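Read the structure below first, then the notes.
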Amino acid sequence: MKGLPYFACGKIVKGFGRGSRQLGIPTANFPQEVVDALPDEIEMGVYYGWAQVESGPVYKMVMSVGWNPYYNNVKRSMETHILNKFSEDFYGQQLKICMAGYIRPEENFENLDVDLLSNGETQLELPEMKKF
């Protein structure tokens, strides 16, 4: 895919709280100016790559880039799910990411429990993620 790898960094901001609270999938959200700086080549969809908070370890991540059609968002977002368990929130800390590959286009789901969560669990086992 054109535009990859793509690197971004910015302070982690509070999102809507839906990832952790409603879906059980916590995300680290970039401020709008980082999202607005995405090049046109980066399509809306789900990506995989690496993430680092401050100067900590580098972890695998998946990231949703888009409008979240289920929620009818009016602004595009970049929501990073870091594949690691963290003991506390890290709002205000620096997040650095490398988007290395494209998983799938953004989708609208009719049912979050069945469609989104089961799809997400399957997507995290893609062969591309296993080789990193």
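Following numbering that gives the first Met the number 0, the numbering of the sequence shown begins with 0 at its first residue and continues without gaps.
No residue lacks a Cβ here, since even glycine has one placed at the ideal position from N, Cα and C.
Small disclaimer: the values here were computed from a predicted structure and weren't measured.
Asked: Ile11 versus Leu3 - alpha carbon distance; Found: 22 Å
Asked: DSSP-derived helix/strand/coil call for Glu106; Found: coil
Asked: Own chain partners of Gln51 with C-beta closer than 7 Å, once the 5 adjacent residues on each side are dropped; Found: Val57 and Lys95
Asked: Neighbour-count burial assignment, Gly65, 16 or more Cβ in a 10 Å radius; Found: buried
Asked: Span separating the alpha-carbon of Lys1 from that of Met98; Found: 12 Å
Asked: Continuous alpha helix (DSSP H) stretch holding Gln31: start and end; Found: Gln31 to Asp35
Asked: 7 Å Cβ shell around Gly91 - same chain, five flanking residues per side excluded; Found: Lys10 and Ile11
Asked: 6 Å CB neighbourhood of Ala7 in its chain, flanking five on each side removed; Found: Val33 and Ile96
Asked: Contacts around Glu40, its chain only, beta-carbon distance under 7 Å, and the 5 residues preceding and following it disregarded; Found: Lys1 and Gly2
Asked: DSSP beta-bridge partners of Thr79; Found: Ala27 and Met62
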